[in-house]
Amino acid sequence: MRFLDIDLDRPDFQTLRAAQELVDDNQPILFPGEAGIVLVMRWSSANRQAMMARAGTSGKAVLALYVAEDFDLTASAGYGIPVQMADVTKNRAYHTLVQLCDSPLIAMPTEDTREEAAIAHPEVEYAFWPLR
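Residue numbering for the sequence shown follows the numbering used here, starting at 670 and increasing by one per position.
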């Protein structure tokens, strides 16, 4: 797993574009969400099923679908998980990532340390980590 540092308040656009391209290519990433590190994937039924299976094995996992500000919320009833918009005041980097991506993002809370994340998610190649 490769760790890339990201400033949550003033994110570097090149780093955000790298994250966006990975997600748009249907590659899972770890990214700082609104309440900690989240496993992020592009929305699809297959990705939802994979996340639901993973969430079933983790006591703290709660899935959410993050959508851009121009998303039609009337179409969200069929998704089967909570739909919300990323809050720009809590985490500008995550809010911008959601806005950049071509589709909604499905996210699940995950481990809080680099070491735990690398062990728990060997399939994830890139992890974007908040600067401390």
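In this text, a Cβ means the ideal position worked out from N, Cα and C, and glycines have one as well.
Evaluate L691 with the Cβ neighbour count: other Cβ atoms within 10 Å of its Cβ, from every protein chain shown; 16 or more gives buried, anything less gives exposed.
Answer is buried; the Cβ neighbour count reaches 16.
Residue range of the alpha helix (DSSP H) that L766 falls in?
From DSSP, the alpha helix (DSSP H) with L766 extends over R761 to L769.
Under a three-way DSSP split, which group does L708 fall into?
Reduced to three states, the DSSP call for L708 is strand.
With a threshold of 7 Å on Cβ separation, who are the neighbours of M720 within its own chain once the five nearest residues in sequence on each side are excluded?
Closer than 7 Å at the Cβ level, and outside the excluded window around M720, lie M710, L732, I775 and M777.
Three-state secondary structure assigned by DSSP to A688
Three-state result, A688: helix.
Please state whether DSSP places K729 in a helix, a strand or coil.
Note that K729 has pLDDT 49, beneath the 50 cutoff, so the model's placement of it is unreliable and the number below is only indicative. For K729, the three-state secondary structure derived from DSSP is coil.
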